[in-house]
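Working notes, structure below.
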Amino acid sequence: MKIAGPTPEDPGIVWEVPATLTYPIGEGQTGYFLRVQDLMILNAIAANNWKKPIYFAVTVSDQNLIGLRSITDTTRNFLKMEGLAFRLMPRPTSLIDPELMAKNLLQKYKYRNLNNPKVHFDNNILKLLGNYRQGLLQLALHYIGESEHSYLQTDTLAERNLSLQERIERFDSLSPRTKALTALEFMDTTIPEETVPIRHEFISIQIGRLYAQLGYPEEAAKRLDRLAEAKDLTPQKAFELGTYYLSDARNPERARELFNYSLEHNRSPENLQRITYAWIQLSDDTSYAADLFRRFLDMNDSRQSRLSIAQQGLMFGLNGLAYSIYEPMLELNPEDAEAVRGMVEYYQRIGDNRHGLELVESWLERHPDDQVLSSKRDELKKLTGKADSGLSRAQ
């Protein structure tokens, strides 16, 4: 249902209100309705007519926001976060008011005993405290995004020498990067994970990743270490943490340990394959990738598997791995066309076009109708400077 209403400035506010209640209204038919509480909100907005601000608490569920908030499309978002509340705006708006959020979260709100290990927090309190964390994370994310588009990509030396309290007091004058770091450090100091545990480990990982983006991979490693030490670590979780150790904590040794743990407890080819690709994409260490491919061959040493691994080896720069597969295949059967073509590509990859040309010419003496390697011969002749001249071709 599309709702329209007047605002202090034209054009008026127009947004889509999703149905919150469905009910069968006949055979094969469903009716879509709004609840009483939805109508109450709509009436309150209309009756207020923008005379006073209207707020929604951040604890209000998305269903009860009657379509006013969209985190994926700001052209359909009418609620701006100002701290622990969303303010209704008369026109589409950004998700947060960074200046007001910083003032409220860093200076105005009072945080007492949240870092005191002697204080007990029940589940309900832990849920509520998550809203403060979420606000600070939103603030950090905003300034990280701003720093990526700012001419001032990094903090200044003067900013690095400021204490956390000094940075809070001078917050408006800081670079975007330092503002993001200040929001994260304030969160860790005021609402530490040691006393107020994070209910969802994904959030803890994301906090670490934000630190890593700001140049502090050790903060990512600290959180990953805590999760990796869990007694109920599954192969899937070990794989996920290993990728984070590579991408954010920049600790390939620890990533390798977790990948090996995952393989010990899940020896399926699918698990080995995804670990191999993750390593290749996130690490420059080709030796472990080659080892992983060899493990795959130990599981399935068919001809097709060997050819596939050799081709992938060439694709990812693991030339030695490809050679170790093609060379024995050619020794076993010099007439193996796929192995010959693979070995020719290997020679090209390592820049040894002369040996590649010799192998092609030897093959074409026995198989002159091979069009693929005939074209490859012309290519290699040009690369080695042995292409026939126009005169010799005419003769």
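Letter by letter, the sequence shown follows residues 2 to 396 in our numbering.
From the three backbone atoms N, C-alpha and C, an ideal C-beta is built for every residue, glycine too.
It should be emphasised that the depicted structure is a prediction, and the values quoted were computed from it without experimental measurement.
Per DSSP, the bridge partner or partners of residue i
i	result
residue 112	Partner(s): none; residue 112 has no beta bridge.
residue 88	56, 81
residue 17	3
residue 32	24
Pair within 7 Å by beta-carbon distance, residue i and residue j
i	j	result
residue 105	residue 196	no
residue 240	residue 263	yes
residue 326	residue 338	no
residue 23	residue 31	yes
residue 81	residue 98	yes
residue 411	residue 236	Lying before the first or after the last residue shown, residue 411 is absent from the chain, which here runs from 2 to 396.
residue 86	residue 141	no
residue 307	residue 249	no
residue 277	residue 293	yes
residue 133	residue 88	no
residue 330	residue 340	yes
residue 247	residue 283	yes
residue 289	residue 257	yes
residue 259	residue 291	no
residue 357	residue 374	no
residue 8	residue 91	yes
residue 137	residue 188	yes
residue 242	residue 202	no
residue 355	residue 315	no
residue 175	residue 215	no
residue 65	residue 71	no
Where residue i falls: helix, strand or coil (DSSP)
i	result
residue 219	helix
residue 25	strand
residue 203	helix
residue 196	coil
residue 97	strand
residue 68	coil
residue 352	coil
residue 183	helix
residue 253	helix
residue 73	coil
residue 271	helix
residue 146	helix
residue 121	coil
residue 317	coil
residue 376	helix
residue 266	helix
residue 1	The chain is shown only over 2 to 396; residue 1 falls outside these bounds and no answer can be derived.
residue 287	helix
residue 277	helix
residue 9	coil
residue 175	coil
residue 104	helix
residue 345	helix
residue 357	helix
residue 364	helix
residue 63	helix
residue 309	helix
residue 329	helix
residue 386	coil
residue 231	coil
residue 401	Residue 401 lies beyond the stretch modelled for the chain, which goes from 2 to 396, so this question has no answer here.
residue 248	helix
Burial state of residue i, where buried means 16 or more other Cβ atoms lie within 10 Å
i	result
residue 60	exposed
residue 368	exposed
residue 153	Below a pLDDT of 50, predicted positions are generally treated as unreliable, and residue 153, at 47, falls in that range; no measurement from the model is reported.
residue 25	exposed
residue 190	exposed
residue 300	exposed
residue 67	buried
residue 124	exposed
residue 75	exposed
residue 19	exposed
residue 100	exposed
residue 177	buried
residue 143	buried
residue 353	exposed
residue 13	exposed
residue 120	exposed
residue 69	buried
residue 83	buried
residue 34	exposed
CB contact check: residue i to chain B, cutoff 7 Å
i	result
residue 341	Looking at the structure shown, chain B is missing, and only one protein chain is on hand.
Per the contact definition of three or more C-beta pairs closer than 8 Å, is the stretch 41-61 in contact with the stretch 93-105?
no
So, does the stretch 168-175 touch the stretch 210-229, judging by three or more C-beta pairs under 8 Å?
Taking 8 Å as the limit for Cβ pairs, the verdict is that the stretch 210-229 does not touch the stretch 168-175.
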